[in-house]
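For the sequence shown, this note's numbering assigns the number 620 to the initial residue and increments by one for each residue that follows. Even glycine gets a Cβ: it sits at the ideal position worked out from N, Cα and C.
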Amino acid sequence: MVGLSKPLSVRLTDEDATFLAGLELDGATTASDKVRALIRLARQRAEAPAGFAAALGASHDLLGFGLG
(Lines of atoms letter the chains of each structure in order from A; the text may use other names.)
(Lines give C-alpha, C1' and ligand atoms only; values in the text may rest on other atoms or scores of the structure.)
Protein backbone atom coordinates (compact mmCIF):
# COMPACT_ATOMS: atom_id res chain seq x y z
CA MET A 620 0.00 0.00 0.00
CA VAL A 621 1.22 3.45 -0.83
CA GLY A 622 1.96 5.73 2.11
CA LEU A 623 2.49 3.01 4.69
CA SER A 624 5.92 3.69 6.11
CA LYS A 625 5.96 3.11 9.87
CA PRO A 626 6.47 -0.49 10.95
CA LEU A 627 4.89 -1.44 14.26
CA SER A 628 5.52 -4.48 16.39
CA VAL A 629 3.30 -5.51 19.28
CA ARG A 630 3.15 -8.40 21.70
CA LEU A 631 -0.30 -9.85 22.32
CA THR A 632 -1.63 -12.39 24.74
CA ASP A 633 -2.88 -15.61 23.17
CA GLU A 634 -6.42 -14.46 23.98
CA ASP A 635 -5.94 -11.11 22.19
CA ALA A 636 -4.26 -12.78 19.19
CA THR A 637 -7.17 -15.22 18.89
CA PHE A 638 -9.64 -12.36 19.15
CA LEU A 639 -7.81 -10.37 16.46
CA ALA A 640 -7.63 -13.40 14.16
CA GLY A 641 -11.39 -13.92 14.42
CA LEU A 642 -12.31 -10.25 14.13
CA GLU A 643 -14.32 -9.34 11.03
CA LEU A 644 -13.78 -5.67 10.36
CA ASP A 645 -14.22 -3.72 7.12
CA GLY A 646 -13.04 -6.65 5.00
CA ALA A 647 -9.64 -6.72 6.74
CA THR A 648 -7.99 -10.12 6.49
CA THR A 649 -4.45 -9.76 7.83
CA ALA A 650 -3.50 -8.71 11.36
CA SER A 651 -1.98 -5.52 9.91
CA ASP A 652 -5.20 -4.69 8.03
CA LYS A 653 -7.22 -5.28 11.19
CA VAL A 654 -4.99 -3.04 13.30
CA ARG A 655 -5.27 -0.28 10.67
CA ALA A 656 -9.07 -0.70 10.67
CA LEU A 657 -9.17 -0.50 14.48
CA ILE A 658 -7.07 2.68 14.39
CA ARG A 659 -9.38 4.14 11.73
CA LEU A 660 -12.42 3.38 13.95
CA ALA A 661 -10.75 4.87 17.03
CA ARG A 662 -9.86 8.01 15.07
CA GLN A 663 -13.44 8.39 13.79
CA ARG A 664 -14.77 8.08 17.34
CA ALA A 665 -12.23 10.55 18.71
CA GLU A 666 -12.97 13.24 16.13
CA ALA A 667 -16.16 15.25 16.58
CA PRO A 668 -18.70 14.74 13.78
CA ALA A 669 -19.43 17.89 11.76
CA GLY A 670 -23.17 18.50 11.85
CA PHE A 671 -26.29 16.53 12.67
CA ALA A 672 -26.13 14.14 9.70
CA ALA A 673 -22.55 13.14 10.52
CA ALA A 674 -23.42 12.69 14.21
CA LEU A 675 -26.43 10.55 13.31
CA GLY A 676 -24.29 8.42 10.98
CA ALA A 677 -21.63 8.02 13.67
CA SER A 678 -24.23 6.96 16.23
CA HIS A 679 -25.65 4.41 13.79
CA ASP A 680 -22.15 3.06 13.17
CA LEU A 681 -21.55 2.71 16.91
CA LEU A 682 -24.87 0.95 17.45
CA GLY A 683 -24.52 -1.27 14.39
CA PHE A 684 -27.51 0.10 12.50
CA GLY A 685 -27.30 0.04 8.73
CA LEU A 686 -28.70 2.95 6.78
CA GLY A 687 -29.06 1.02 3.55
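Sub-8 Å separation of residue i and residue j beta-carbons
i, j, result
"residue 674", "residue 668", "yes"
"residue 639", "residue 627", "no"
"residue 653", "residue 642", "yes"
"residue 663", "residue 677", "yes"
Nearest candidate by alpha-carbon position, reference residue i, set the options
i, options, result
"residue 644", "655, 636, 625, 634", "655"
"residue 629", "671, 622, 650", "650"
Run of the alpha helix (DSSP H) containing residue i, from where it starts to where it stops
i, result
"residue 678", "671-682"
"residue 641", "633-641"
"residue 665", "650-665"
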